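Worksheet for the structure shown next.
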Amino acid sequence: MKDKVRVRFAPSPTGGLHIGGVRTILFNYLFAKHHNGEFILRIEDTDQTRFVQGAEDYIYSCLKWCGITVDEGTREGGNYGPYRQSERKSLYREYAEKLVAAGHAYYAFDTSEELECKRQVIENFRYDHSSRKQLRNSLTIPHEAVESLIREGAPHVIRIKMPEDEQVAFHDMIRGDIAFHSSEVDDKVLLKADGMPTYHLAVVVDDYLMKISHVFRGEEWLPSAPVHILLWKYFGWADEMPKWAHLPLILKPDGNGKLSKRDGERFGFPVFPINWVDANTGNKTEGFVEAGFVPEGFINMLAMLGWNDGTDQEIFNMEELIAKFSLDRIHKAGAKFDYEKAKWYNAEWIKASSAGHLLPQVKPFLNHKGINNIDDAYLLDVIEMVKERCVLLPDFYEQASFFFTAPVHWDSNAVKPKWNTGKDAFFREFADQIKDKNDLSSAALETIFKDLATEKGMKVGELMLPFRIMLVGGKFGPQVFDIAEKIGITETIHRIHNALEAFK
RNA sequence: GGCCCGUUCGUCUAGGGGUUAGGACGUUAGAUUUUCAUUCUAGAAACAGGGGUUCGAUUCCCCUACGGGCUACCA
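Residues 70 to 573 (my numbering) make up the first sequence, in order.
This is how it looks when you write it as structure tokens:
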């Protein structure tokens, strides 16, 4: 192992960031911080045709919301920059040429269209050791002709020359020893015709130059690992090669492939951390933030998707995750995403959070529903009173709007069948009794209420529900006298009279 | 098709040669809460199949099945 743990997350700015990517970030981050290492963010924007405006900013926003800090990156700077591959363009060709000179790579002049044609005609066509002798490249074209082609500026790529018969083996920290036969992997393009490197070249060169010690990436990269392993070897950097860890994938709930952003709409749950609107297509993808997740719940949920600490503990904050994270406890198999469980983590975190911590997160959801001019001290108490019945942040509106606005609809089915003039009289008198008193406590209110009921020979139980419906509008909410105390005597009386009219 | 990875309750998972195969989500039933939620108690629910190895396999090996990934001048 290198002396210093340095890991990177290397997204391509081609769109939003989905939870599979966020989990890869999280595992990178947890591992780095557990080992007092550095977390680097490198933007792999080598495909200029797929660039999407705003993607990089979006990634940073997500990171910020998650509470993950970057040590080196496009914004933070660092000693190994630039951290955007498009800004490193000039450096890759040199490395590719080195490989050509050493006989591990070659120039290829076939156009994309020609190759596409081959794929149409020849089943399972691959640019590899068996086909390259029939194609237009520096292996088949005489040296002088190649030289002049290049001098004339003929479009060409540089491809790795995969050995014909070699076992490429490596150790994966999660999966153990893995081997591929070199004949089964094709001659991947290393440098594109536009002079940009492909992922395969750039990732190896940059991981080397940036002294990356451990690579965490999704399992979908496993098949191209032999290309990377060989590149590390051909460049003569084998001793400095990072350790590999291919993470299991997050799968669709119905077990049909890896989770994609389209699944959010299909299943009705978010797959991106924050709302994302694609600048090119205008397509909108809902985020966990907007769905009402708190970052602690989101992170906790993601961490448990494929990792556990070996005990029955399920609730972890970031500090605990960092302290306890270890590679050997990462599960090998992919995990189907379960939104119900995700919501449970969120509910646990809402219950565990202080009202003060929740307040700035709850407020926007109330504002969004038209509840404005909120007094923070008042909101604080309200949050404390209802947070245990909230799973997602929008539930605070459902569970607490009556603290701010009087109900205009009443669940009259719960009242009317048993409504009578005696009850009507009871509430009129109750309102009358509390009228001139200020600051009645919940307990005092309850005493007055019950004494009056006794005096009138009425059952308290038959009066409680109507009272609740009057104040709240429905059969839900905290202790009814607590609500009365909170909204105040004047408002309580007002609501009683309002409801009395409606119940007639 | 080829190559690679994987497979414990519906889901996330613990376990690991001898266990009543444990926990959590969800679900069912009950208790508490004069509403709802919380909380608590209890229940149903799993080692893909077949061969080995072994005194004994869910655990180790092989095969099959199934699931997934990759198979671009995309990452």
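Every residue, glycine too, gets a C-beta built ideally from N, C-alpha and C.
Owing to the predicted nature of the structure, the values given are computational and were not obtained by experimental measurement.
Asked: Beta-carbon proximity check, Ile-368 vs Gly-89, cutoff 8 Å; Found: no
Asked: Check whether Gln-154 and Ala-271 have beta carbons under 8 Å apart; Found: yes
Asked: Boundaries of the beta strand (DSSP E) in which Ile-247 is found, first to last residue; Found: 245-250
Asked: Boundaries (first-last residue) of the beta strand (DSSP E) holding Phe-357; Found: Premise fails: Phe-357 lies in the alpha helix (DSSP H), 357-360, not in any beta strand (DSSP E).
Asked: Nearest to Lys-73 (by Cα), restricted to the options His-240, Pro-266, Phe-100; Found: Phe-100
Asked: Secondary structure of Thr-354, DSSP reduced to three states; Found: strand
Asked: Inter-residue spacing [alpha-carbon to alpha-carbon] between Asp-197 and Tyr-268; Found: 18 Å
Asked: Assigned secondary structure, Lys-280 (DSSP; H/G/I helix, E/B strand, else coil); Found: coil
Asked: Collapsed DSSP secondary structure at Asn-206 in the structure displayed; Found: strand
Asked: Same chain only: Cβ atoms within 6 Å of Asp-140, ignoring 5 sequence neighbours per side; Found: Glu-107, Phe-108
Asked: C-beta atoms of Leu-569 and Asp-493 nearer than 8 Å; Found: yes
Asked: C-alpha distance - Pro-295 paired with Leu-396, whole-angstrom precision; Found: 22 Å
Asked: Of the residues Arg-144, His-103, Asp-263, the one placed nearest Thr-118, counting alpha carbons only; Found: Asp-263
Asked: Anticipated Cβ contact below 8 Å, Lys-327 with Phe-341, distance rounded; Found: At roughly 15 Å, the Cβ-Cβ gap does not stay under 8 Å, so Lys-327 and Phe-341 are not in contact.
Asked: Given 8 Å, three or more beta-carbon pairs between the region 249-261 and the region 188-197; Found: yes
Asked: Reduced DSSP secondary structure (H/G/I, E/B, other) of Leu-316; Found: strand
Asked: Counted within 10 angstroms of its Cβ, other Cβ atoms place Asn-97 as buried (16 or more) or exposed; Found: buried
Asked: Tyr-129 (DSSP reduced to helix, strand or coil); Found: helix
Asked: Candidates Arg-92, Arg-244, Glu-389, Trp-134: closest to His-315 by CA position; Found: Arg-244
Asked: Pairwise C-alpha distance: Lys-573 and Phe-473; Found: 25 Å
Asked: Touching by the beta-carbon criterion (3+ pairs, under 8 Å), the region 170-183 and the region 216-229; Found: yes
Asked: Sequence-distant residues of the same chain with beta carbon closer than 7 Å to Gly-543, five excluded per side; Found: Asp-480
Asked: Touching by the beta-carbon criterion (3+ pairs, under 8 Å), the region 502-512 and the region 452-460; Found: no
Asked: Under the three-state DSSP convention, the category Trp-418 falls into; Found: helix
Asked: Rounded straight-line distance, which links the Cα of Val-358 to that of Phe-385; Found: 19 Å
Asked: Range of the contiguous alpha helix (DSSP H) that encloses Val-91; Found: 88-103
Asked: Whole-number beta carbon distance between Ile-210 and Leu-299, since they are thought to touch under 8 Å; Found: At roughly 24 Å, the Cβ-Cβ gap does not stay under 8 Å, so Leu-299 and Ile-210 are not in contact.
Asked: Per DSSP, cross-strand counterpart(s) of Pro-266; Found: Leu-260
Asked: Per-residue DSSP class, three states only, for Lys-401; Found: coil
Asked: Alpha-carbon spacing of Ala-79 relative to His-240, whole angstroms; Found: 21 Å
Asked: Beta-carbon proximity of Ile-552 to Leu-534, cut-off 8 Å; Found: no
Asked: Residues bridged to Gln-236 [DSSP beta-bridge criterion]; Found: His-250
Asked: Spatially closest choice to Asp-464 from Ala-402, His-297, Gly-361, by CA coordinates; Found: Gly-361
Asked: Asp-493 in three-state terms, based on DSSP; Found: helix
Asked: Thr-93, buried or exposed, once every other Cβ within 10 Å from all chains shown has been counted against 16; Found: buried
Asked: According to DSSP, residues forming a beta bridge with Trp-345; Found: Thr-354
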